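Below is one structure, written out as structure tokens, with a few remarks after it.
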Amino acid sequence: MEKVVLSFSYPDSLRQENMLHPRTATYSRRTLYFFEGAGLVVIALATIYAGYQETMLMINNARVSLADLLLMFLYLEILTMVGLYFESGKLPVRFPLYIAMVAMARYVIVDIKEMDNIRLLGVSGSIVLVAVAVLVIRYGHVRYPYLEDLEDLADAAPKKNNLRD
């Protein structure tokens, strides 16, 4: 069976770099980066404040539960995700999925007494479904890596010595 490769190229008049004046494009990009960074700072500060509030609540109650620890873990995951985005400019899809799994596990732990069997089964099934999604995404990244990932691997690989004995 013959492989069919579809490709499409934009005419010169529709190429993205020709759509905006270079100064306008630069200004727009800088403005977007500024608001993106400001939003990430707000998310990080709000997460730190929420973690502080939760810590104070645990200290005042003189009690720490598994639900409290999972909530603190969620805060740390959010901070890690923000830090990773600041560092690389990319957000791996897996991080929000990890956060979703921990959040659903926390929901089960906190509300287990009020949950009926159907709801418990639904939440448990959702956790399994998200875990399978993480595995599929991870498999896809290993099996079909992005071009940038291949370049990073090539740069990190030890160079072979071409000298002969």
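Here the UniProt record's numbering is used: the first residue of the sequence shown is 1, the next is one more, and so on.
Here a beta-carbon is modelled for each residue, glycine too, at the ideal position from N, C-alpha and C.
Bear in mind the structure is a predicted one, so any value in this text is a computation, not a measurement.
Span separating the alpha-carbon of residue i from that of residue j
i, j, result
"Asp68", "Thr31", "38 Å"
"Tyr52", "Val102", "19 Å"
"Asp116", "Arg138", "33 Å"
"Val128", "Leu57", "32 Å"
"Pro145", "Met72", "33 Å"
"Thr26", "Glu87", "21 Å"
"Pro22", "Leu97", "38 Å"
"Gly140", "Ala62", "45 Å"
"Arg119", "Leu66", "21 Å"
"Tyr49", "Ile59", "15 Å"
"Val134", "Phe95", "9 Å"
Presumed contact (8 Å Cβ cut-off) between residue i and residue j, rounded CB distance
i, j, result
"Ile78", "Ile99", "7 Å"
"Leu91", "Met81", "7 Å"
"Tyr85", "Leu40", "6 Å"
"Val123", "Tyr107", "6 Å"
Same chain, Cβ closer than 8 Å to residue i, five either side skipped, listed in chain order
i, result
"Val130", "Leu97, Ala100, Met101, Met104"
"Asp165", "Confidence in Asp165 is poor, its pLDDT being 46 and thus under 50, which makes the residue's placement too unreliable to answer from."
"Ile43", "Ile78, Val82"
Under the three-state DSSP convention, the category residue i falls into
i, result
"Asp68", "helix"
"Met115", "coil"
"Tyr144", "coil"
"Val41", "helix"
"Val93", "coil"
Neighbourhood of residue i by C-beta distance below 7 Å, restricted to the same chain and skipping five residues each side
i, result
"Thr47", "Tyr75, Ile78, Leu79"
"Glu54", "Asp68, Leu71, Met72"
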